[in-house]
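A.B. asks:
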Amino acid sequence: MLESYWPLKEQIANCIRTEAEELAEHVLLAVHEPMVLKRRLSNSLDGDRKTENDLLEHFLKTERPIPIIGESGIGKSHLIRWLDAKLRVHPESVDWHIRRIPKNASLRMVLEILLDVRGWL
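For the sequence shown, our numbering assigns the number 80 to the initial residue and increments by one for each residue that follows.
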């Protein structure tokens, strides 16, 4: 009898989003679990343990790209979405033009996204 109420795989896939790109911002923030990150210089294997809040503060102070690397499935996309959500409400970034580049974006797509920010397209 219980089996008749159990959802089909397609229904589960439509209801439960597992990819960071698919989650609504408020859902992402609600399900976020604190992360432990490792910050290291490019020529070193050793590094310091940091939190995502440390990364946010570093991001606010640094005027260059910050690479976020790691193995597949480790949470890089989730971390980028979390940073995006936090930056959009942070007082220091109120005048920023924040644009996220989708996964697998072509160079053309990246340029179109960036140029659209400046109103050049």
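We treat Cβ as the ideally placed atom computed from N, Cα and C, and that holds for glycine.
Per DSSP, what are the beta-bridge partners of residue 116 in this structure?
C.D. replies: Along the sequence shown, read from residue 1 onward, the residue named residue 116 stands at position 37. Answer by DSSP bridge pairing, in chain order: 129.
A.B. asks: Using the C-alpha atoms, what's the distance from residue 129 back to residue 102?
C.D. replies: Numbered from 1 along the sequence shown, position 23 holds the residue referred to as residue 102. Numbered from 1 along the sequence shown, position 50 holds the residue referred to as residue 129. Whole-angstrom Cα-Cα distance: 25 angstroms.
A.B. asks: Rounded to whole angstroms, how far is the Cβ of residue 163 from the Cβ of residue 147, which I believe are closer than 8 angstroms?
C.D. replies: Position 84 of the sequence shown, counted from the first residue, corresponds to residue 163. Position 68 of the sequence shown, counted from the first residue, corresponds to residue 147. About 12 angstroms separates the two Cβ atoms, so there is no contact after all.
A.B. asks: Can you check which of these residues, 143, 124, 142 and 158, is closest to residue 132 by C-alpha distance?
C.D. replies: The sequence position of residue 132 within the sequence shown is 53, counting from 1. For residue 132, the nearest C-alpha among the options comes from 158.
A.B. asks: In angstroms, rounded to a whole number, what distance separates the CA positions of residue 152 and residue 83?
C.D. replies: By 1-based counting over the sequence shown, the position of residue 152 is 73. By 1-based counting over the sequence shown, the position of residue 83 is 4. In a straight line, the C-alpha of residue 152 is about 33 angstroms away from that of residue 83.
A.B. asks: What residue does the alpha helix (DSSP H) around residue 161 start on, and which one ends it?
C.D. replies: Position 82 of the sequence shown, counting from 1, holds the residue named residue 161. Unbroken alpha helix (DSSP H) run through residue 161: 155 to 168.
A.B. asks: Under a three-way DSSP split, which group does residue 187 fall into?
C.D. replies: Working through the sequence shown from its first residue, we reach residue 187 at position 108. Looking at residue 187 - three-state DSSP - the assignment turns out to be helix.
A.B. asks: With DSSP as the reference, label residue 93 as helix, strand or coil.
C.D. replies: Working through the sequence shown from its first residue, we reach residue 93 at position 14. Three-state result, residue 93: helix.
A.B. asks: Please report the straight-line C-alpha distance between residue 171 and residue 137, rounded to a whole angstrom.
C.D. replies: Position 92 of the sequence shown holds residue 171. Position 58 of the sequence shown holds residue 137. Those two C-alpha atoms are separated by around 12 angstroms.
A.B. asks: Can you give the Cα-Cα distance for residue 120 and residue 141, rounded to whole angstroms?
C.D. replies: For the purposes of this step, residue 120 is taken as residue 41 along the sequence shown, with counting starting at 1. For the purposes of this step, residue 141 is taken as residue 62 along the sequence shown, with counting starting at 1. The alpha-carbon atoms of residue 120 and residue 141 are separated by roughly 15 angstroms.
A.B. asks: Does the distance from the CB of residue 105 to the CB of residue 161 come in under 8 angstroms?
C.D. replies: Looking up residue 105 in the sequence shown gives position 26. Looking up residue 161 in the sequence shown gives position 82. No, the pair does not count as a contact, with Cβ atoms beyond the cut-off.
A.B. asks: Is it buried or exposed, residue 134, if we count other Cβ atoms within 10 angstroms and call 16 or more buried?
C.D. replies: Walking along the sequence shown from the start, residue 134 turns up at place 55. Result: buried.
A.B. asks: Look at the alpha carbon of residue 122 and the alpha carbon of residue 149, and state the distance between them as a whole number of angstroms.
C.D. replies: In the sequence shown, counting from the first residue as 1, residue 122 sits at position 43. In the sequence shown, counting from the first residue as 1, residue 149 sits at position 70. So the alpha carbons of these two residues sit roughly 16 angstroms apart.
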